[in-house]
């Protein structure tokens, strides 16, 4: 019984081991705490330039070619313009006649901007684009946030109902884990 309890605890902790910074709504990502379009991370007794350097060092270690991904305003802001192939799995019908759902993997392009002040890091909400190549048509197909007349393949339909809950879960997990990883790595920078 003790082993079963330990296993249950490990499984639960691994599922919820990251912070929930942002939540996805039909208006885009909002702070999970106060529903603004940004979050503020308090770092008491830390100068702006030190916060900037630590986050930049963390990001440089996370991306293969940081110069291609990062846009910098020295000691002011860092914008991450990332791309991850097949990083968003969504269960959906591929045609109207299909009975079950298939898992479609979308490539994810995203942008996150981080701003720095003494004792604080502001992280603006992520923006994203989810797309997959359709070899039959020779065009990209997009999974958009809100349904439009041109694109009905959307996370939220015109009634503001969720069509793909696993897309919401996948996007929230992806960006919250990414932000947590950046913050953890920036905390562990050894400035010697």
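Numbering (mature numbering (1 follows the signal peptide of the UniProt record, and there is no 0)), first residue to last: -19 to -1, 1 to 173.
We put the beta carbon where it would ideally sit given N, CA and C, even for glycine.
Contact set for residue i: own chain, Cβ-Cβ below 6 Å, skip 5 residues either direction
i	result
residue 163	39
residue 86	67 and 70
residue 111	69, 87, 89 and 124
residue 115	122
Span separating the alpha-carbon of residue i from that of residue j
i	j	result
residue 132	residue 123	8 Å
residue 73	residue 109	19 Å
residue 143	residue 69	16 Å
residue 65	residue 168	25 Å
residue 7	residue 128	10 Å
residue 156	residue 59	16 Å
residue 107	residue 117	31 Å
residue 34	residue 138	42 Å
Own chain partners of residue i with C-beta closer than 7 Å, once the 5 adjacent residues on each side are dropped
i	result
residue 50	44, 61, 62 and 63
residue 41	47
residue 159	none
Helix, strand or coil at residue i [DSSP, three-state]
i	result
residue 153	helix
residue 161	helix
residue 35	helix
residue 66	strand
residue 49	helix
residue 116	coil
residue 101	strand
residue 54	strand
residue -1	coil
residue 13	coil
Residue i vs residue j beta-carbon contact at 8 Å
i	j	result
residue 101	residue 170	no
residue 37	residue 152	no
residue 9	residue 126	yes
residue 104	residue 20	yes
residue 120	residue 113	no
8 Å Cβ cutoff, residue i in contact with chain B
i	result
residue 52	Given the protein chain composition of this structure (a single chain), no chain B is represented.
Own chain, CB closer than 8 Å to residue i, minus 5 neighbours either side, in chain order
i	result
residue 18	9, 10, 11, 12, 105 and 106
message: Closer than 8 Å is the cut-off here; do at least three beta carbon pairs connect the region 89 to 106 with the region 29 to 44?
response: Verdict: yes, contact present.
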